[in-house]
Amino acid sequence: MSFRDRMSYGDYLGLDAVLSAQHPRSAAHDEMLFIIQHQTSELWMKLALHEMDAARGLIAAGDLQPAFKMLARVARIMEQLNSAWDVLRTMTPSDYTDFRAALGESSGFQSWQYRMIEFVAGNRNMAMIGPHEHRPDLAGALRSEAARPSLYDVVLGRLAVAGFDVAPRSRLDCPHQPEAAVIAAWERVYRDPRTHWELYELAEKLMDFEDYFRRWRFNHVTTVERVIGFKRGTGGTGGVSYLRRMLEAVLFPDLWQVRTQL
Ligand code: HEM
Numbered sequence: 006m007s008f009r010d011r012m013s014y015g016d017y018l019g020l021d022a023v024l025s026a027q028h029p030r031s032a033a034h035d036e037m038l039f040i041i042q043h044q045t046s047e048l049w050m051k052l053a054l055h056e057m058d059a060a061r062g063l064i065a066a067g068d069l070q071p072a073f074k075m076l077a078r079v080a081r082i083m084e085q086l087n088s089a090w091d092v093l094r095t096m097t098p099s100d101y102t103d104f105r106a107a108l109g110e111s112s113g114f115q116s117w118q119y120r121m122i123e124f125v126a127g128n129r130n131m132a133m134i135g136p137h138e139h140r141p142d143l144a145g146a147l148r149s150e151a152a153r154p155s156l157y158d159v160v161l162g163r164l165a166v167a168g169f170d171v172a173p174r175s176r177l178d179c180p181h182q183p184e185a186a187v188i189a190a191w192e193r194v195y196r197d198p199r200t201h202w203e204l205y206e207l208a209e210k211l212m213d214f215e216d217y218f219r220r221w222r223f224n225h226v227t228t229v230e231r232v233i234g235f236k237r238g239t240g241g242t243g244g245v246s247y248l249r250r251m252l253e254a255v256l257f258p259d260l261w262q263v264r265t266q267l
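Numbering (our numbering) for the sequence shown: 6 to 267.
(1) Nearest by alpha-carbon distance to residue 144: which of 130, 20 and 157 is it?
(2) Can we say the segment 204-217 touches the segment 228-236, given the rule of at least three CB pairs closer than 8 angstroms?
(3) Measuring straight from C-alpha to C-alpha, what distance separates residue 98 and residue 234?
(4) Between which two residues does the alpha helix (DSSP H) harbouring residue 248 extend?
(5) Thinking C-alpha only, which one of 67, 31 and 90 is nearest residue 46?
(6) May I ask whether a heavy atom of the ligand HEM can be found less than 7 angstroms away from the beta carbon of residue 184?
(7) Report yes if the C-beta of residue 159 is less than 7 angstroms from at least one heavy atom of the ligand ZN; otherwise report no.
(8) Given residue 134, which residues of its chain have a CB within under 6 angstroms of its CB, disregarding the five upstream and five downstream residues?
(9) Does the Cβ-Cβ distance between residue 107 and residue 30 come in under 8 angstroms?
(10) Could you pull out every unbroken alpha helix (DSSP H) segment of at least 4 residues lying fully inside the segment 176-242, listed in chain order?
(11) Going by DSSP, what residue range makes up the alpha helix (DSSP H) through residue 47?
(12) Would you list, in sequence order, the uninterrupted alpha helix (DSSP H) runs of no fewer than 4 residues that lie entirely inside the segment 128-179?
(13) Is residue 247 close to the ligand HEM? I mean its beta-carbon at under 7 angstroms from any heavy atom of the ligand.
(14) Using the rule of at least 16 other Cβ atoms within 10 Å of the residue's Cβ for burial, across every protein chain shown, is residue 259 buried or exposed?
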């Protein structure tokens, strides 16, 4: 049973590093919950990015079936993050106020991985790189990402390969806007799924992802209002007012708009 010369569970998982990364800055009991909730969210985001990037490569290469499996996993990860709010909701305003001052100006607003998920999907608001400028490595990674075709750009590429009249975007470093030609292409796919089954399935995988992502944003803003009301955020925004505006962000506008036409 000795692991002196063999790799143990803790060695393989790097548990010393993971389990020694919680550093509460106050004596408040709930700060540990707050830290672990964010850290576990970041770990799930890391996996989501791993899957999204691989799915993008496979879609670009026309290998859709394994990409579907990865996108299904990403949707499940979002669902997992949605369930996690139930744990955080056990923290009351009184509990949070005990340690909020200890956070300083740190905020999920500065979550680099969250922004990267948006950028990979295609929601590229370059102004959101601002909070990362103090870390040239992270700001640089977001800029490089914004210069690459997004997940949705490679999906548009599949529409073009299938013969639809869809051109690549001239600028990649901005959010996707609805386009008549793309909506018309999706309309044909949705009106005749049997002929375009793979594209139809691909579109629905993206819809699943965005659906769960919207629920995450909604759970977040509801939890935030429950815990801090309408106070300003530690990251400097108006707080709930900002997060409510973010509920309107749309990752794949063509796919939402086509529904009205069907
Ligand atoms: C009681 C718990 C929480 C409160 C009170 C809270 C509060 C806020 C507020 C007020 C903002 C707006 C930016 C600002 O001014 O700070 C924000 C943004 C954000 N928070 Fe939270 N948050 C909480 C939990 C979480 C958790 C668990 C995560 C998971 C990683 C998270 C991730 C984010 C992200 C990614 C943003 C940026 C959203 C965007 O720009 O669209 N937050 N949060």
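Positions of the beta carbon are idealized from the N, C-alpha and C atoms, including for glycine.
Taking the coordinates as given:
(1) One-based indexing of the sequence shown puts residue 144 at position 139. Among 130, 20 and 157, the Cα nearest to that of residue 144 belongs to 130.
(2) They do not touch, by the three-pair rule.
(3) Along the sequence shown, read from residue 1 onward, the residue named residue 98 stands at position 93. Along the sequence shown, read from residue 1 onward, the residue named residue 234 stands at position 229. If you take the alpha carbons of residue 98 and residue 234, they lie about 9 angstroms apart.
(4) Numbered from 1 along the sequence shown, position 243 holds the residue referred to as residue 248. That run of the alpha helix (DSSP H) goes 245-251.
(5) As a position in the sequence shown, residue 46 is number 41, starting the count at 1. Checked all of 67, 31 and 90; the closest Cα to residue 46 is 90.
(6) Numbered from its first residue, the sequence shown carries residue 184 at position 179. At a cut-off of 7 angstroms, the beta-carbon of residue 184 does not count as near the ligand HEM: no heavy atom of the ligand is closer than that.
(7) By its list of ligands, the structure shown excludes the ligand ZN, since it contains just the ligand HEM.
(8) Residue numbering aside, residue 134 sits at position 129 when the sequence shown is read from its first letter. 144 and 147.
(9) Counted from its first residue, the sequence shown places residue 107 at position 102. Counted from its first residue, the sequence shown places residue 30 at position 25. Yes. Within cutoff.
(10) 185-196 and 202-233
(11) For the purposes of this step, residue 47 is identified with residue 42 of the sequence shown, where counting begins at 1. Segment 36-65, the alpha helix (DSSP H) holding residue 47.
(12) Counting only runs of 4 or more, we get 141-151 and 156-166.
(13) Taking the sequence shown and counting its residues from 1, the one referred to as residue 247 is at position 242. Yes; taking the cut-off as 7 angstroms, the Cβ of residue 247 has a heavy atom of the ligand HEM nearer than that.
(14) Here residue 259 is taken as the residue at index 254 of the sequence shown, counted from 1. Burial call: buried.
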